Amino acid sequence: MSASAAVGRRRSLAYMQRYWVLYAMLILPISFFIIFRYIPMNYIQIAFKKYSIVKSPSEMEWAANHGWQYFIQAFSNRDFIYALRNTLGLNLLDLVFGFPAPIILAIIFNELAFKRFKSFTQTIAYMPHFLSWIIVAGMALQLFAPSSGLFNIMLTKLGFEPISFLNDSNNWVITYIALGIWKSAGWGTILYLAAMAGINPELYEAASVDGAGRMRNIWHITLPGLRPTIIVLLILSLGHILGSEFDRPYALGNKLVTDVSNVISVFVYNNGIRGLQFSLSTAVGLFQSVVGVIFLFGANALAKKFGDRGIW
């Protein structure tokens with residue numbers, strides 16, 4: 001061992017001894033990731049094998065077609081194709097309408113002059129994030145039920161026909177996206193507001209001297225200042241384009257809208273948990289993960305190609 005390496009090692013040990021409390025605090029989260037994230041990766045091979053509850057993954061027999069049986073079975077399943085279509089469709093709508101929502105809301109918050117009113121509105125906007133989708137679904141049922149919902153009662157009183165928000169496929173999709181924006185937009189403003197805090201105030205002062213109004217300041221200063229944050233979050237969102245949350249579609253869905261509410265996560269639940277087809281559901285989950293990684297790398301490479309900073 002060279003002298004420089006020995007000195008570096010002593011410095012590292014001294015640093016660890018000095019800040020041992022910080023390293024001790026890392027034990028719990030590192031243990032969590034090892035136990036619940038890395039060790040379960042061993043069970044990915046279930047996607048290529050015939051699952052048996054009494055055997056370890058290494059002891060299970062390989063599935064037919066050189067292990068690809070359950071992938072072929074998934075893509076031969078009409079319900080999975082519909083779930084894949086619904087997942088892509090809903091996620092694209094979430095991306096188109098849901099992604100810009102926190103940006104717009106953060107800009108509005110940033111433009112509010114009265115600090116107390118600004119703090120109050122931000123708190124109100126953050127609150128829906130802490131409600132579970134089960135609670136939100138219950139609220140939606142009370143508000144949008146065809147005959148007894150508060151919203152439809154008001155429409156009827158005004159002489160309009162009631163709208164089937166949760167029982168009509170087209171209206172369900174609109175309600176699904178709108179509730180998603182309502183629940184997540186406020187919480188999503190936190191990162192953008194933090195990025196705005198890093199923009200040099202002198203830029204706004206100089207622009208005001210040159211006669212720029214609020215809209216010009218937003219377009220030429222605020223949005224360019226937010227661009228790195230927007231790019232990173234957009235790349236991460238594209239990485240989840242085939243991912244699907246379970247709570248929202250399952251809580252808001254019903255038998256009348258299964259043609260649009262059955263997404264991949266619901267398909268995995270119905271076949272894996274309820275149908276005990278663990279190999280099939282693992283194969284579907286692995287497919288989701290691989291496609292997500294491809295989209296993530298592709299979006300990152302595309303961002304770098306156009307001169308923006310990626311996430312690595």
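First residue of the sequence shown: 1, per full-length UniProt numbering; consecutive thereafter. Glycine is no exception: its CB is placed at the ideal position from the N, C-alpha and C atoms. No experiment lies behind these values; they were computed from the predicted model shown.
Beta-carbon proximity check, residue i vs residue j, cutoff 8 Å
i, j, result
"LEU93", "VAL263", "no"
"HIS240", "GLY186", "no"
"LEU166", "ALA140", "yes"
"residue 323", "GLN45", "The structure shown does not extend to residue 323, since the chain is modelled only from 1 to 312, so the question has no answer here."
"ALA64", "SER279", "no"
"ILE231", "ALA303", "yes"
"PHE295", "TYR269", "no"
"LEU155", "PRO162", "yes"
"LEU261", "GLY272", "Reading off the sequence, residue 261 comes out as Ser, not Leu. No. Outside cutoff."
"TYR192", "PRO102", "yes"
"PHE80", "ILE181", "no"
"PHE306", "PHE71", "no"
Cut-off 6 Å between Cβ atoms - residues of its own chain near residue i, not counting five sequence neighbours on either side
i, result
"ALA251", "TRP133, ILE134, ALA137"
"LEU105", "ALA185, THR189"
"PHE144", "PHE151, PHE165, LEU166"
"ALA125", "GLY186"
"VAL225", "First, the residue type needs correcting, since residue 225 is Gly and not Val in the sequence shown. Cβ within range, chain order: ILE199."
"SER244", "THR87, VAL263, ILE264, SER265"
"MET196", "ASN110"
"GLY149", "LEU143"
Per-residue DSSP class, three states only, for residue i
i, result
"TRP62", "strand"
"LYS115", "helix"
"LYS49", "strand"
"ARG309", "coil"
"TRP68", "coil"
"ASN200", "coil"
"ASN262", "coil"
"ASP210", "coil"
"TRP249", "According to the sequence provided, residue 249 is Pro. The question's Trp does not apply to it. Three-state DSSP puts PRO249 in a helix."
"LYS55", "coil"
"PRO146", "coil"
"TYR19", "coil"
"residue 362", "The structure shown does not extend to residue 362, since the chain is modelled only from 1 through 312, so no value can be given for it."
"LEU276", "coil"
"residue 325", "Summary: the structure shown does not reach residue 325, with the chain confined to residues 1 through 312, and so no result is reported for it."
"SER244", "coil"
Closest by C-alpha distance to residue i, when choosing among the options
i, options, result
"ALA283", "ARG10, TYR51, TYR23", "TYR51"
"ILE221", "ILE230, VAL260, ILE46, ASN200", "ASN200"
"THR123", "ILE190, PHE71, ILE230", "ILE190"
"PRO249", "ASP308, VAL266, ILE153, ILE235", "VAL266"
"THR87", "ASN300, GLY292, ARG309", "GLY292"
"ASP168", "THR258, LYS118, LEU242, GLU205", "THR258"
"MET41", "TRP20, SER289, ASN300", "SER289"
"ILE218", "PHE109, ASP308, ARG37", "PHE109"
"TYR43", "ARG85, ARG18, MET60", "MET60"
"LYS255", "LEU22, MET215, TRP172, LEU179", "TRP172"
"MET127", "LYS183, ILE53, ILE27", "LYS183"
"ALA178", "GLY211, LEU95, GLY213", "LEU95"
"ILE53", "GLY285, PHE297, LEU276", "LEU276"
"HIS66", "TYR82, LYS55, ASN77, LYS49", "LYS49"
Close Cβ partners of residue i (< 8 Å) along its chain, the five nearest in sequence each way excluded
i, result
"LEU112", "LYS118, THR121"
"PHE99", "LEU233, LEU234, SER237"
"VAL209", "none"
"ALA207", "ARG216, ASN217, HIS220, ILE221"
"ASP308", "ARG227, PRO228, ILE231"
"TYR23", "MET16"
Close-in-space but distant-in-sequence residues of the same chain around residue i (CB under 7 Å, 5 per side omitted)
i, result
"GLN73", "LEU280"
"TYR204", "ASN217, ILE221"
"ILE107", "ILE218, THR222"
"TRP62", "PHE48, LYS49"
"PHE30", "Looking at the sequence shown, residue 30 is not Phe but Ile. Excluding residues within five positions, none has a Cβ falling inside 7 Å."
Would you mind listing the beta strand (DSSP E) stretches within the stretch 150-189 that are 3+ residues and don't spill past its ends, in chain order? Inside the stretch 150-189, DSSP marks no whole beta strand (DSSP E) run of 3 or more residues.
Which ranges does the alpha helix (DSSP H) cover as unbroken runs of at least 4 residues, wholly within the stretch 75-143, from first to last along the chain? 78-93, 100-111, 115-126, all fully within the stretch 75-143.
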